[in-house]
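Asker: Structure provided below as structure tokens; questions to follow.
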Amino acid sequence: QKEVEQDPGPLSVPEGAIVSLNCTYSNSAFQYFMWYRQYSRKGPELLMYTYSSGNKEDGRFTAQVDKSSKYISLFIRDSQPSDSATYLCAMSANNNNDMRFGAGTRLTVKP
Amino acid sequence: DTAVSQTPKYLVTQMGNDKSIKCEQNLGHDTMYWYKQDSKKFLKIMFSYNNKELIINETVPNRFSPKSPDKAHLNLHINSLELGDSAVYFCASSQEGGGRGYTFGSGTRLTVV
């Protein structure tokens, strides 16, 4: 079992839809959780980070962490074609410079 | 100003050659990383340096050698290149252990023929 599991998709939604992206993990020591967006032929770009459990909202994006279930989610409201990208979850334990990434979910938002 | 810059952006080379990829960050971060992204987009850490000191060295062939002349630079040297080394290599940097996220460069697409 991989440390971080993420469905690679692809996921295709119509413009305006609510998108739900998810990751599960096996290492209960993970405390720092991040979501990155990666456009084609670009480097990953940090979208959001959270510490421990709970929710965090930033504009159209909401990140949720459920440590009891070892499950994290990213919701995108009112999705736009410009949201089309690969979304990677990432997590680390103890702020120790050792980030583990999911495989990424490829999202396409159709106009 | 580019925060994390890598050069070259593209690198095509023959098997058996030795090549280097350079990385520089102007964010004042104290930790830098090299990641390898394969064709399935999976990002795997290779090395991590904190203030010029190696702190993470994953199971990477010893043909790969990182060098950090100062905390703003982390270069990657690859000897005796193999076909399986073809991938996109990303440099990244972070502050405070990385818990608030990394800043990535735009990547170096290495193709070994």
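Which chain is which? The protein sequence lines are A and B, in order. Using my numbering, the letters of the first sequence correspond one by one to residues 425 to 535. Using my numbering, the letters of the second sequence correspond one by one to residues 3 to 115. By construction, the Cβ of each residue, glycine as well, lies at the ideal position given by its N, Cα and C atoms. If you're wondering where the values come from, they're calculated on a predicted model, not measured in any experiment.
Using the Cα positions of residue 12 of chain B and residue 485 of chain A, report the straight-line distance between them to the nearest angstrom.
Answerer: So the alpha carbons of these two residues sit roughly 33 Å apart.
Asker: Which residues share a DSSP beta bridge with residue 68 of chain B?
Answerer: B/78
Asker: Any residues in the segment 49 to 72 of chain B with a beta carbon nearer than 8 Å to a beta carbon of chain A? Which ones, in chain order?
Answerer: Hits within the stretch, in order: 50, 52, 57, 58.
Asker: Quick one: what's residue 438 of chain A bridged to in DSSP?
Answerer: A/534
Asker: Mind listing the chain B neighbours of residue 450 of chain A? Cutoff is C-beta to C-beta under 7 Å, in chain order.
Answerer: Those do not exist, as residue 450 of chain A stays about 16 Å from chain B at its closest Cβ, beyond 7 Å.
Asker: Run through the DSSP bridge pairs and tell me what residue 89 of chain B is partnered with.
Answerer: B/112
Asker: Who does residue 46 of chain B pair with in a DSSP beta bridge?
Answerer: B/38
Asker: Below 7 Å on C-beta distance, what does residue 43 of chain B contact in chain A?
Answerer: 510, 527, 528
Asker: Exposed or buried, which one is residue 442 of chain A when buried takes at least 16 other CB atoms within 10 Å?
Answerer: In this structure residue 442 of chain A is exposed. Its beta-carbon is surrounded by fewer than 16 other beta-carbon atoms within 10 angstroms.
Asker: What residues of chain A sit near residue 108 of chain B, judged by a beta carbon separation below 7 Å?
Answerer: 466, 467
Asker: Give a yes or no on whether the minimum CB-CB distance between residue 23 of chain B and chain A is below 9 Å.
Answerer: no
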